[in-house]
Amino acid sequence: ETGVTQSPTHLIKTRGQQVTLRCSSQSGHNTVSWYQQALGQGPQFIFQYYREEENGRGNFPPRFSGLQFPNYSSELNVNALELDDSALYLCASSRQERGEKLFFGSGTQLSVL
Amino acid sequence: KNEVEQSPQNLTAQEGEFITINCSYSVGISALHWLQQHPGGGIVSLFMLSSGKKKHGRLIATINIQEKHSSLHITASHPRDSAVYICAATSGGYNKLIFGAGTRLAVHP
Numbered sequence: 002e003t004g005v006t007q008s009p010t011h012l013i014k015t016r017g018q019q020v021t022l023r024c025s026s027q028s029g030h031n032t033v034s035w036y037q038q039a040l041g042q043g044p045q046f047i048f049q050y051y052r053e054e055e056n057g058r059g060n061f062p063p064r065f066s067g068l069q070f071p072n073y074s075s076e077l078n079v080n081a082l083e084l085d086d087s088a089l090y091l092c093a094s095s096r097q098e099r100g101e102k103l104f105f106g107s108g109t110q111l112s113v114l
Numbered sequence: 097k098n099e100v101e102q103s104p105q106n107l108t109a110q111e112g113e114f115i116t117i118n119c120s121y122s123v124g125i126s127a128l129h130w131l132q133q134h135p136g137g138g139i140v141s142l143f144m145l146s147s148g149k150k151k152h153g154r155l156i157a158t159i160n161i162q163e164k165h166s167s168l169h170i171t172a173s174h175p176r177d178s179a180v181y182i183c184a185a186t187s188g189g190y191n192k193l194i195f196g197a198g199t200r201l202a203v204h205p
């Protein structure tokens with residue numbers, strides 16, 4: 002049990018819709034990073050939030066956006082969903098923005114039809 | 097060529113065998129992580145290394161910074177060790193992880 006919780010666990014959407022995924026960090030962690038894992042592949046870094054600011058981003062288009070709240074929980078928003086957005090979305094929290102062990106949630110499985 | 101490469105992709109072992117999974121990387125890193133992912137998706141961080149060697153129970157992780165290579169060893173393997181093991185590198189000024197493709201391990205009784 003990592004103390005990082007994600008919701009929902011599963012979600013089905015249709016192409017063009019918008020989705021919001023949520024992540025509650027482990028207590029005391031001020032950094033959250035989000036990853037996309039397509040079936041059979043390793044996770045890909047989407048972005049990281051540190052103290053409510055985005056401080057790192059991977060190769061994902063602007064329709065992938067996020068928020069971090071004062072309690073350090075986080076949201077991942079994806080607009081104009083595409084079929085290729087179907088994946089497992091993982092969040093991970095850590096105590097600091099760098100050099101710290103990451104604690105992962107169990108993920109949200111998103112299916113876009 | 098991926099920045100983080102793992103081998104083998106798939107590994108089958110008999111219970112009790114000694115297992116080694118290898119990871120090489122081509123980028124400058126601040127740390128190397130070994131992660132375990134079970135069916136259903138949850139990822140558990142096993143080790144974070146920046147030098148030398150770490151041990152936890154039957155698991156040992158080593159890293160050679162000069163050779164840009166890390167290994168994960170499992171001694172006395174058990175069926176409950178069956179999972180995907182992922183090597184990931186932290187590169188850059190934040191916790192961006194660059195993941196290897198993973199090694200799918202199956203340990204049979």
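Quick note, the sequences are listed as chains C and G, same order.
In terms of the working numbering, the first sequence opens at residue 2 and continues consecutively.
In terms of the working numbering, the second sequence opens at residue 97 and continues consecutively.
Note that the Cβ used here is the ideal one computed from N, Cα and C, for glycine as well.
Please report the straight-line C-alpha distance between G/R154 and C/W35, rounded to a whole angstrom.
30 Å
Are the C-beta atoms of C/L103 and some chain G residue less than 8 Å apart?
yes
Expressed to the nearest angstrom, what Euclidean distance is found between the alpha-carbon atoms of C/P63 and C/L91?
18 Å
Separation of C/K14 from C/A81, as counted between CA atoms:
11 Å
Interface flag, G/A185 vs chain C, CB-CB below 8 Å
no
Residues near G/V180 by beta carbon distance below 6 Å, same chain, minus five either side:
Q133, G198 and R200
Counting only C-beta atoms, is C/F65 closer than 8 Å to chain G at any point?
no
Just checking: is the beta-carbon of G/K192 within a distance shorter than 8 Å of some beta-carbon in chain C?
yes
Coil, strand or helix - C/R16 by DSSP
coil
For C/L103, collect the residues of the same chain with a Cβ closer than 8 Å to its Cβ; drop the 5 residues on either side in sequence, then sort them by chain order.
S34, A93, S94 and S95
Do G/L128 and G/L142 have their C-beta atoms closer together than 8 Å?
no
Work out the CA separation of G/L145 and G/T158 for me, nearest whole Å.
8 Å
Collapsed DSSP secondary structure at C/R23 in the structure displayed
strand
Verify the CB distance criterion: does C/P62 have a CB-CB separation below 8 Å to chain G?
no
Can you grab the Cα-Cα spacing for the pair G/Y121 / C/S107, in whole Å?
26 Å
Name the DSSP beta bridge partners of C/F65, please?
C/V79
Does the CB of G/A197 have a neighbour CB from chain C at under 8 Å?
yes
Go to C/S94, then tell me how far its beta strand (DSSP E) extends in each direction, as first and last residue.
A88 to S95
Using the Cβ count rule (16 or more neighbours within 10 Å means buried), how would you classify C/D156?
Summary: the structure shown does not reach residue 156 of chain C, with chain C confined to residues 2 through 114, and so no result is reported for it.
When the Cα atoms are used, what is the spatial distance from G/G148 to G/E99?
21 Å
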